[in-house]
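Before any comments, here is the structure.
Below, the structure written as structure tokens:
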């Protein structure tokens with residue numbers, strides 16, 4: 001990937017308004033990561049004792065973890081272990097019955113929380129891209145900026161096209177999602193999430209639905225984003241990605257967080273037998 | 001068969017006084033079109049609301065939507081027509097009821113409302129099917145972007161759902177158009193009623209109903225052509 005470098009996250013940012021990126025003349029050069037309440041190193045996402053049931057079936061059991069500002073946390077585990085469900089709880093796409101989650105100091109499970117507003121500050125990338133098929137790429141990038149953040153069409157378009165350039169797809173601005181390859185669609189989906197100036201990015205198996213030769217281009221964008229200091233929680237089976245950029249790895253099994261360790265500890269000396277087994281299977285080929 | 005064919009009958013004066021039999025049929029055609037369009041407006045708007053309600057997270061909204069659909073699609077249209085026209089005014093306070101009965105064009109208003117409510121139940125099912133045919137992730141993606149429920153429907157779900165259901169909605173529109181003929185039973189002088197009275201006055205049953213048949217087919221062909229053009233103009237590049 002040879003796109004323009006993304007400015008450092010800790011660039012001086014004097015504004016404290018709801019949308020600092022717009023206050024700048026040079027929106028295209030504006031910071032990718034907006035200021036948050038959390039100082040560097042403080043928890044951006046705090047998950048405390050979260051349990052969730054589908055009827056009588058418990059899908060999450062007492063999950064607790066922290067994601068600090070600027071940290072990249074990879075969540076892995078066998079299918080059905082609850083990892084996707086857990087990150088969907090972070091922006092309240094999935095309700096949970098017990099425990100609490102805070103995102104940048106805002107409680108997710110609280111009647112007084114404005115959930116649409118909270119969600120607009122949390123970027124999410126889905127396994128199946130979920131671009132809006134009836135809208136052009138440009139409109140996909142701008143619609144939520146206009147309708148949720150209230151940006152003008154012009155500002156939204158400028159920011160959208162800038163991000164499209166950063167994921168290397170400027171030539172496709174007027175196309176429709178159905179005309180792009182899976183890898184291209186997923187890069188647009190990442191740009192769409194970034195256009196909202198999120199303080200956190202959640203990735204739900206972003207490369208699982210891609211043809212093998214397209215996995216690389218999406219991971220490249222994610223690696224670059226991680227290096228720019230974005231706080232990221234990534235559900236993935238791409239252990240290469242985890243080794244490259246993760247700060248921590250969470251291993252889940254049957255709805256529980258079995259292992260929550262630094263990358264080196266996780267790959268070097270996983271404590272639980274279940275994680276050892278998983279790693280030996282996934283890394284053996 | 002002993003039958004006196006007379007295709008010139010259309011140009012003979014009708015016993016109504018002014019105009020020919022052809023004029024009579026054409027005025028019936030006009031009422032048919034007017035009733036179909038007016039009732040479709042109700043059916044489309046109400047049906048969309050009910051269809052959306054059946055897909056909302058709220059149990060109460062789902063229950064109301066389901067109750068509506070089951071009520072209006074499980075009672076025959078003819079019975080509904082009679083209920084609206086003969087029974088409802090009797091159930092209202094006497095003064096209001098008799099005022100409704102004396103409305104000029106009462107059969108027309110009644111037919112529009114009755115057909116609108118009846119077809120709305122069918123439209124609602126199409127809308128629900130269209131929304132449920134979309135990948136679940138579309139709703140999640142809209143929600144995750146920070147859209148409210150209403151915005152998710154307005155900007156994400158409905159534009160896609162309507163495109164999916166355009167072909168069956170065309171069928172519903174055509175059904176609605178043909179169902180206007182049931183309104184002859186409450187005295188609406190639409191195309192079928194006019195063909196019948198032409199037959200009664202002139203005894204030219206074959207000519208009268210041949211003409212009515214051709215007119216129905218013609219307007220339906222116009223609708224189908226319009227729907228095809230609409231479908232083409234709404235098609236999304238790169239899909240299918």
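Protein chains in written order, with UniProt numbering: chain R, 1 to 285; chain W, 1 to 240.
Note that CB positions come from ideal geometry on N, CA and C, so glycine has one too.
- Boundaries cannot be given for residue 195/R, as no beta strand (DSSP E) includes it and DSSP labels it neither H nor E.
- Contacts with chain R at 8 Å (Cβ-Cβ) include residue 239/W.
- Secondary structure of residue 238/W (DSSP, three-state): coil.
- Following the DSSP letters along the chain, one finds residue 65/R inside the beta strand (DSSP E) bounded by residues 57-68.
- In chain order, 66, 67, 68 place their CB closer than 7 Å to the CB of residue 43/R, counting only its own chain and leaving out the 5 sequence neighbours on each side.
- The three-state secondary structure of residue 51/R, taken from DSSP, is strand.
- Residue contact with chain W for residue 36/R: absent (no Cβ-Cβ distance below 8 Å to any residue of chain W).
- Sixteen is the threshold: when 16 or more other Cβ atoms of the shown chains lie within 10 Å of the Cβ of residue 162/R, as they do, the residue is buried.
- Apart from the 5 residues on each side of it in sequence, residue 151/R sits with its Cβ closer than 6 Å to the Cβ of 145 in its chain, given in chain order.
- The alpha helix (DSSP H) runs lying completely inside the stretch 96-179 of chain R and spanning 4 residues or more are 115-120, 137-147, 153-166, given in chain order.
- Close CB contacts of residue 185/R within its chain, under the 6 Å cut and outside five residues either way in sequence, are with 129, 131, 177 (chain order).
- Listed along chain R are 116, each with a C-beta nearer than 7 Å to that of residue 148/W.
- Per DSSP, the unbroken alpha helix (DSSP H) holding residue 169/W starts and ends at 166-179.
- In this structure, the CA atom of residue 100/R is about 20 Å from the CA atom of residue 254/R.
- Beta-bridge analysis with DSSP links residue 117/W to no other residue.
- Taking residue 251/R as reference, the option from 77/R, 57/R, 70/R with the minimal CA-CA separation is 77/R.
- For residue 83/W, there is no enclosing beta strand (DSSP E), as DSSP gives it neither H nor E.
- Between the C-alpha atoms of residue 211/R and residue 217/R there is a straight-line separation of about 11 Å.
- Across the structure, residue 155/R and residue 140/R are spaced so that their CA atoms are roughly 14 Å apart.
- Taken in chain order, the whole beta strand (DSSP E) runs of length 3 or more contained in the stretch 244-285 of chain R are 248-253, 256-262.
- Bounds of the alpha helix (DSSP H) holding residue 23/W are 21-53.
- For residue 75/W, the three-state secondary structure derived from DSSP is coil.
- The DSSP-derived three-state label of residue 18/W is coil.
- For residue 203/R, no alpha helix (DSSP H) run applies; the uninterrupted beta strand (DSSP E) run containing it begins and ends at 200-204, by DSSP.
- Ranked by how close their Cα comes to the Cα of residue 111/W, the residues 82/W, 125/W, 91/W, 24/W have 82/W in first place.
- Per the coordinates, the alpha-carbon of residue 212/W lies some 27 Å from the alpha-carbon of residue 230/W.
- Taking 7 Å as the cut-off between beta carbons, the residues of the stretch 125-147 of chain W near chain R are 135, 137, 138, 140, 141, 143, 144, 145, 146, 147, in sequence order.
- Apart from sequence neighbours up to five positions away, no residue of its chain approaches residue 5/W with a beta-carbon distance below 6 Å.
- Under the Cβ criterion of 8 Å, residue 91/R is counted among the residues facing chain W.
- With the criterion set as a beta carbon lying under 9 Å from some beta carbon of chain R, the stretch 80-100 of chain W has no members that meet it.
- Between residue 34/R and residue 279/R, the alpha-carbon positions lie close to 36 Å from each other.
- For residue 231/R, the beta-bridge partners assigned by DSSP are 200/R.
- Take the alpha-carbon of residue 184/W and the one of residue 34/W: they are about 14 Å apart.
- Boundaries of the beta strand (DSSP E) around residue 74/R: 72-76.
- For residue 94/W, the enclosing alpha helix (DSSP H) starts and ends at 94-102.
- CA-to-CA, the gap between residue 41/W and residue 122/W works out to about 14 Å.
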